[in-house]
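Per full-length UniProt numbering, the sequence shown runs over residues 1 to 359.
Below is one structure, written out as structure tokens, with a few remarks after it.
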Amino acid sequence: MHNHKQVNYPFSAIVGQESMKKGLMLNVINPRLSGILIRGEKGTAKSTAVRALAELLPEIEVVADCPYHCDPDQPLTHCPSCHERYEQGKILPRAKRTMKVVNLPVSATEDRVVGTLDIEYAIKHGEKKFEPGVLAEANRSILYVDEVNLLDDHIVDVLLDAAAMGVNTVEREGVSFSHPAQFILVGTMNPEEGELRPQLLDRFGLCVTIEGIADPGKRVDVIKRRTAFEENQEEFAKIWEAEQGKLRDKLVAAQQLLPTVSYDDEVLYNIADIAIQMGVDGHRADLVMLKAAKALAALNGRDKVEQADVAEVVELALMHRMRKKPFQEIGSDQKKLQEVMSHSHSHQHAHSHDHQHIV
């Protein structure tokens with residue numbers, strides 16, 4: 001047996017599936033997008049893409065001895081122990097490490113996910129003893145749940161709550177412990193094995209449905225690349241290293257550019273218009289469209305959102321938020337979306353001059 005470390009299939013070598021790749025990258029650029037759900041039949045490169053993403057993730061500064069990988073420069077997000085040391089004026093030891101993809105097995109118990117509080121210890125010693133779980137490990141990284149539709153509903157709720165709040169709180173018999181849990185949630189599922197409840201669907205920032213590739217040329221590329229990869233993983237990775245490097249630099253540049261990306265009212269009216277015409281409930285969709293459009297502008301190296309950015313992220317942000325009527329196919333939603341998009345370009349200038357206030 002050779003002791004090679006597991007080589008992941010390179011992200012940049014994945015054929016097609018542009019919207020899945022884009023959705024993943026947008027979440028890396030802006031982790032506040034609250035994750036992505038990837039729906040697709042088996043054998044459609046879902047888990048390949050998520051694992052491949054790990055190789056592109058930028059390095060982060062962490063407190064070297066902290067199980068939550070706290071950011072030494074962000075005292076507001078510190079765990080209790082880093083917070084205490086910071087308050088006492090101690091210098092926190094630093095290290096650099098890459099973000100990682102943390103797997104959550106479908107069989108995971110709630111204790112394994114959220115961590116455990118030792119009540120006996122707390123009573124005896126008057127201090128809290130907490131055994132970190134998967135959410136601790138995933139802080140500032142990616143939490144990957146394959147077959148998220150088969151997870152216990154209660155655990156999905158816990159995950160989504162932590163993802164929304166950026167904090168995990170464990171409470172037992174009046175003793176509670178909180179720690180930071182800011183992670184990018186990536187779920188994959190095969191719709192043939194049952195759907196997710198609509199209220200869970202809505203909590204994923206983006207959602208993409210991937211299909212098999214129907215173009216023979218592209219299918220041949222898949223065969224050639226997969227075969228080459230299986231025959232010699234290291235060699236294959238080497239060939240793609242330059243592409244990977246380009247993509248890595250592009251993501252880091254986009255992260256740095258994101259805080260400076262601006263937009264005008266016209267963009268906001270366009271977003272509101274689309275949401276109204278598509279009949280989506282609540283305001284989450286509007287906010288996600290804006291965040292995704294900003295991340296996309298940054299990915300393309302621009303510091304201002306254009307209408308084209310909105311058009312490009314609409315489907316990722318909206319398809320899973322449509323009010324489903326019984327037996328209604330996603331296809332008809334897509335058709336309606338295309339109509340709405342082609343109209344929104346024709347009257348997009350109507351609003352631009354009446355509102356000059358900046359949001």
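Cβ atoms here follow ideal geometry from the backbone N, Cα and C, with glycine treated the same way.
Counting only residues of its own chain and dropping the five nearest sequence neighbours on each side, K100 has a CB closer than 8 Å to the CB of A54, L57, S141, I142. For D146, the enclosing beta strand (DSSP E) starts and ends at 142 to 146. The continuous beta strand (DSSP E) containing V170 extends over residues 167 to 172. Counting only residues of its own chain and dropping the five nearest sequence neighbours on each side, C70 has a CB closer than 6 Å to the CB of V63, H78, C79, C82. Judged by pairs of C-beta atoms under 8 Å, the region 293 to 303 touches the region 257 to 269, as three or more such pairs exist. G133 is positioned such that its CB atom lies no closer than 9 Å to that of N190.
S34 counts as buried, since at least 16 other C-beta atoms from the protein chains shown sit within 10 angstroms of its C-beta.
In the DSSP annotation of this structure, the continuous segment of the beta strand (DSSP E) that includes T188 starts and ends at 184 to 189.
Runs of the alpha helix (DSSP H) lying entirely within the region 68 to 95 and spanning at least 4 residues, in chain order: 80 to 87. At a Cβ-Cβ threshold of 9 Å, R32 and E59 do not count as neighbours. A residue is called buried once 16 or more other Cβ atoms fall within 10 Å of its Cβ, and I155 is buried on that count.
Boundaries for L33: no beta strand (DSSP E) harbours it, and the DSSP string shows neither H nor E there. In this structure, L200 sits near D157, with a CB-CB distance shorter than 9 Å. The alpha helix (DSSP H) runs of length 4 or more contained entirely in the region 106 to 157 are, from start to end of the chain, 110 to 114, 119 to 125, 134 to 138. The beta carbon of A136 lies closer than 8 Å to those of P67, Y68, G115, N168, H179, A181 in the same chain, with the five residues before and after it left out. When DSSP reads this structure, I60 sits in a beta bridge with R97. With contact defined as three or more Cβ pairs closer than 8 Å, the region 160 to 167 and the region 119 to 134 are not in contact. Assigned with DSSP and collapsed to three states, K250 falls in helix.
For the set N103, E315, R321, M322, the Cα lying nearest the Cα of M341 is the one of E315. Contact check for L251 and V28: beta-carbon distance about 6 Å, within the 8 Å limit, so the pair qualifies.
Per DSSP, the beta bridge partners of G40 are I210. For secondary structure counted as the alpha helix (DSSP H) over 4 or more consecutive residues, the region 226 to 303 holds these complete runs in sequence order: 233 to 257, 265 to 278, 284 to 299.
With fewer than 16 other Cβ atoms inside 10 Å of its own Cβ, A242 counts as exposed.
The beta carbons of A285 and R248 sit no closer together than 9 Å. For P198, the enclosing alpha helix (DSSP H) begins and ends at 198 to 201.
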